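Participant: Take this structure first; my questions come after.
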Amino acid sequence: MPVIRPLPPELINQIAAGEVIERPSSVVKELVENSLDAGATRVEVDIEQGGARLIRVRDDGCGIVQDELQLAVASHATSKIGSFDDLEHVASMGFRGEALASVSSVARFALTSRAQGQETAFRIEVDGGKMQAARPAQHPQGSSVEVRDLFYNVPARRKFLRAERTEFAHIDDLLKSLALARGSVEFRLSHNGKPVRILKAARDESAALQRVAEVLGEDFPAQSLRIDHAAAGLHLSGWVGLPTASRSQADSQYFYVNGRLVRDRVVAHAVRQAYADVLFHGRHPAFVLYLELDPAGVDVNVHPAKHEVRFREQRLVHDFLFRTLHEALAQTRAGQLGASTQEPMAATPPAYAFASAPGAPSAPAWPNAFSQSRLSLGVRDEPLADYAALLGEPSAPPASLAFAANTPMPEAADDEAPPLGFAIAQLKSIYILAENAHGLVLVDMHAAHERITYEKLKAGRACSNLRSQLLLVPLNVSVSAKEAAAAEEHADALADWGLELSRSGPSGVVVRRIPALLEGADVAQLCRDVLAELAQHGSSRRLQELENELLATMACHGSVRAGRRLTVPEMNALLREMEATERSGQCNHGRPTWTQLSLPELDRLFLRGR
């Protein structure tokens, strides 16, 4: 057997570098985070050959005194924590005390720093883990770190580096994400001596939104909702993109926990569920969100590169994120502008308070509140009749919320016109053309009416007693031991949704009752899906999602079809319903229901004014 012996310090640091330093952008991340922890208000990053030749990071932070320069490069030496209690309340970006030691072990490393209040700066150099003594140098207050010839002594790692353009693109993306985290800090990036990106410090809300626009695109502010909400010791702020501003890739999603950019399955699941009802299949939302909570409520010491975190109250965080985003998206109505012109949602803990659109009535509490206009629009009654038979006949809706198809719309000046304006024509029996204060509005009448009907069905379902169906023969379902435990723990919550389960052994459950609305569904697969989510996230919306899928199908079949000729009053009735209906900017499948062509856009089509 080989003899057991301690590893040399240089080899220990190179092993650590394999976990922390994946590519040049990893070096930039560690160095810039150190600058931010030092209180820097300006950070400059100079790159040569994609970072393979040179990475230089300068800041105007507090600096490092001479006696601590060598210790700063030593392994597991840090000023950010000193006890286990500090580790459980980490508020800084870095805390492991191994970044500089790891970087200096795989590159030619130099650190120059002048501490606050000191007249002289000092420089220390490390080559392949071999440290030289500190010597005086010229430098303003702050620090500069130079990393040259990355992986020069680890040829196998250097072979894995990509093309210069690719590596620099990773650095650019990283710096943009850090710039979003610290709006009050100025960032400058150059490549091969040429300035590439300058992000000025943001001093107010408008400047912060401008920085977001520089990173996510100029169109994002006008196509986003402002979020600012607090409850249960959690505070969520930032911007979420409207469903119509979705992307084909998840490349514009920035989520920060106490200022740290993280990737977390709980967060991703909550966001995905919040957008489930409004996003087209295969599309991804864009957002910049900041979650603030007590540092003791989140464990950041779960990944060497600090990309992941673990929430101590995972279910609370998940439900808070879902409800906040779900309610924010629910308030979007056709005709509304982006959030850049809206007030942020009030941070009024613990209630989830979200302002409705001006003049918009609250969601009606009956399945077929659209019944009167439904008759005039020639909508099929069978799906709604099936739903009424399931939940019972509702009382008639108030006359104030039912639009009479034979009532003409009043005349109004441009500045008094409703958001979607007044109908002027119908195109090919598919689209409604309307005129508002901004120009021309085009509406897909089937998609719009489908969303209206769907929201009313959901509102009726939410305020009606849930009916469940007793299985003639109880069904045994094999699940994992963790899922069986979840069924036992959440039995009461499942019963509230009409799903009665009981544990039948270490890895089995018995199903005795299911929601009547889901009769005919694959009960075994349904139970596995629900229990899998409960076991992983502590909550599940699979039952509600399946019911919503059924209601969406009913709404689709119960909505006005393309090819149906509508009168002008009928078209206006539909427009008014769109303005009062939640999520009416998209149909049940996530497709847009309307679009606006402004007068300047129309002028450009005809070259007017040129």
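Here UniProt numbering is used: position 353 in the sequence shown is 353, and no number is missing along the way. We put the beta carbon where it would ideally sit given N, CA and C, even for glycine. None of the values given here were measured: they were computed from a predicted structure.
#1: So, are the CB atoms of V479 and V509 less than 8 Å apart?
#2: Relative to the C-alpha of A274, which candidate in D172, R135, D319 and A134 has its C-alpha closest?
#3: Using the rule of at least 16 other Cβ atoms within 10 Å of the residue's Cβ for burial, across every protein chain shown, is T112 buried or exposed?
#4: Using the Cα positions of L457 and E549, report the straight-line distance between them to the nearest angstrom.
#5: Per DSSP, A231 forms a beta bridge with which residues?
#6: Taking only the alpha-carbon atoms, compute the straight-line gap between R135 and S75 and give it to the nearest angstrom.
#7: Between L36, R512 and L161, which has its C-alpha nearest R58's C-alpha?
#8: Within the same chain, show all residues whose beta-carbon is closer than 7 Å to that of W555, passing over the 5 residues directly before and after it, in chain order.
#9: Once the 5 residues before and after D386 are set aside, which same chain residues still bring their CB inside 6 Å of it?
#10: Which residue from N258, G609 and L433 puts its Cα closest to that of Q596?
#11: Pull the bridge partners of E146 from the DSSP assignment, please.
#12: Who are the Cβ neighbours of A91 in its own chain at under 8 Å, not counting the five residues just before and after it?
#13: Count the other CB atoms within 10 Å of the CB of H307; is the residue buried (16 or more) or exposed (fewer)?
#14: Would you call the region 169-181 and the region 25-43 touching, i.e. three or more CB-CB distances under 8 Å?
#15: Between S143 and L531, what straight-line distance do the alpha-carbon atoms span, to the nearest angstrom?
#16: Leaving out five residues on either side along the sequence, give the residues of the same chain with a beta carbon under 7 Å from the beta carbon of A137.
#17: In chain order, which continuous runs of the alpha helix (DSSP H) of length 4 or greater are located wholly inside the UniProt domain "DNA mismatch repair protein S5" (212-330)?
#18: In this structure, what does DSSP give as the bridge partners for W594?
#19: By Cβ distance, which residues of its chain are closer than 8 Å to V298, with the 5 residues on each side in sequence left out?
#20: Rounded to a whole number of angstroms, what is the C-alpha to C-alpha distance between A156 and I47?
#21: Suppose you measure from the CA of R42 to the CA of I227; what does that come to, to the nearest Å?
#22: So what's D127 in DSSP terms, helix, strand or just coil?
#23: What would DSSP say about H191, mapped onto helix, strand or coil?
#24: Quick one: what's got a C-beta closer than 6 Å to S25's C-beta in the same chain, skipping five residues either side?
#25: From the DSSP output, in three-state form, read off F422 for me.
#26: Answer with buried or exposed for residue 627, where buried requires no fewer than 16 other C-beta atoms within 10 angstroms of its C-beta.
#27: Take every Cβ of the region 279-287, pair it with every Cβ of the region 201-208, and state whether three or more of those distances are shorter than 8 Å.
#28: To the nearest angstrom, how far is it from the Cα of M1 to the Cα of A231?
#29: Per DSSP, R513 forms a beta bridge with which residues?
#30: Could you check whether V271 and L321 sit closer than 8 Å to each other, using their CB atoms as the reference points?
#31: Could you tell me the alpha carbon to alpha carbon distance between H139 and R114, rounded to whole angstroms?
#32: Could you give the residue range of the beta strand (DSSP E) that holds A434?
#33: Are the CB atoms of V103 and E10 within a distance shorter than 8 Å?
#34: Determine the DSSP secondary structure at V477, reduced to helix, strand or coil.
#35: May I ask you to report which of helix, strand or coil DSSP gives R157?
Facilitator: In terms of the structure at hand:
#1: As a working mapping, residue 479 is identified with position 479 in the sequence shown. As a working mapping, residue 509 is identified with position 509 in the sequence shown. In contact: V479 and V509 (Cβ atoms closer than 8 Å).
#2: By 1-based counting over the sequence shown, the position of residue 274 is 274. Here the closest residue by C-alpha is D319.
#3: Along the sequence shown, one-based indexing puts residue 112 at 112. Under this definition T112 is a buried residue.
#4: Taking the sequence shown and counting its residues from 1, the one referred to as residue 457 is at position 457. Taking the sequence shown and counting its residues from 1, the one referred to as residue 549 is at position 549. Taking the straight line from one Cα to the other gives about 11 Å.
#5: By one-based count along the sequence shown, residue 231 stands at place 231. A231 is bridged to L234.
#6: As a working note, residue 135 is residue 135 in the sequence shown. As a working note, residue 75 is residue 75 in the sequence shown. Near 21 Å, if we compare the C-alpha coordinates of S75 and R135.
#7: What you label residue 58 is simply residue 58 of the sequence shown in a count that begins at 1. Nearest C-alpha to R58: L36.
#8: The count along the sequence shown starts at 1 and reaches residue 555 at position 555. As written in the sequence, residue 555 is Ala, which differs from the Trp given in the question. Excluding positions up to five away in sequence, the list reads E450, T453, Y454, L457 and N588.
#9: Against the sequence shown, residue 386 aligns to sequence position 386. Unreliable positioning characterises D386 in this predicted model, as indicated by a pLDDT of 43, which lies under 50. A coordinate reading is not provided.
#10: As a working note, residue 596 is residue 596 in the sequence shown. Answer by Cα proximity: L433.
#11: For the purposes of this step, residue 146 is taken as the residue at position 146 of the sequence shown. E146 is bridged to R56 and A110.
#12: Position 91 of the sequence shown, counted from the first residue, corresponds to residue 91. Setting aside the 5 residues that flank it on each side, A91 is surrounded in the same chain by N258 and P295, each with a C-beta closer than 8 Å to its C-beta; the list follows chain order.
#13: For the purposes of this step, residue 307 is identified with residue 307 of the sequence shown, where counting begins at 1. Classification for H307: exposed.
#14: yes
#15: Your numbering for residue 143 matches position 143 in the sequence shown. Your numbering for residue 531 matches position 531 in the sequence shown. Rounded to the nearest angstrom, the two C-alpha atoms are 52 Å apart.
#16: Taking the sequence shown and counting its residues from 1, the one referred to as residue 137 is at position 137. Same-chain partners within the cutoff: T112, A121, F122 and R123.
#17: 265-274 and 314-330
#18: Counting from one through the sequence shown, the residue named residue 594 turns up at place 594. Answer is V443, bridged to W594.
#19: Working through the sequence shown from its first residue, we reach residue 298 at position 298. Only V257, N258, V309, R310, F311 and R312 meet the Cβ criterion.
#20: In the sequence shown, residue 156 corresponds to position 156, counting from 1. In the sequence shown, residue 47 corresponds to position 47, counting from 1. Looking at the two C-alpha atoms, the distance is approximately 22 Å.
#21: Within the sequence shown, numbered from 1, the residue matching residue 42 stands at position 42. Within the sequence shown, numbered from 1, the residue matching residue 227 stands at position 227. If you take the alpha carbons of R42 and I227, they lie about 28 Å apart.
#22: Here residue 127 corresponds to residue number 127 of the sequence shown, with the count starting at 1. The answer is strand: DSSP assigns D127 an E or B state.
#23: On the sequence shown, position 191 is the one that residue 191 refers to. Three-state result, H191: strand.
#24: Within the sequence shown, the letter at position 25 stands for residue 25. The residues are H170, I171 and L174.
#25: In the sequence shown, residue 422 corresponds to position 422, counting from 1. F422: strand per DSSP, three-state reduction.
#26: The chain is shown only over 1 to 610; residue 627 falls outside these bounds and no answer can be derived.
#27: no
#28: The count along the sequence shown starts at 1 and reaches residue 1 at position 1. The count along the sequence shown starts at 1 and reaches residue 231 at position 231. When rounded, the distance between both Cα atoms is 59 Å.
#29: Translated into positions along the sequence shown, residue 513 becomes position 513. DSSP links R513 through a beta bridge to L470 and E500.
#30: What you label residue 321 is simply residue 321 of the sequence shown in a count that begins at 1. What you label residue 271 is simply residue 271 of the sequence shown in a count that begins at 1. In contact: L321 and V271 (Cβ atoms closer than 8 Å).
#31: Within the sequence shown, residue 139 is the residue found at index 139, counting from 1. Within the sequence shown, residue 114 is the residue found at index 114, counting from 1. So the two alpha carbons sit approximately 6 Å from each other.
#32: Looking up residue 434 in the sequence shown gives position 434. Note, A434: beta strand (DSSP E), Y431 to E435.
#33: Stepping through the sequence shown from its first residue, residue 10 is reached at position 10. Stepping through the sequence shown from its first residue, residue 103 is reached at position 103. Remark: C-beta atoms of E10 and V103 do not approach each other more closely than 8 Å.
#34: Here residue 477 corresponds to residue number 477 of the sequence shown, with the count starting at 1. If DSSP states are grouped into helix, strand and coil, V477 belongs with the strands.
#35: As a working note, residue 157 is residue 157 in the sequence shown. Helix, per DSSP.
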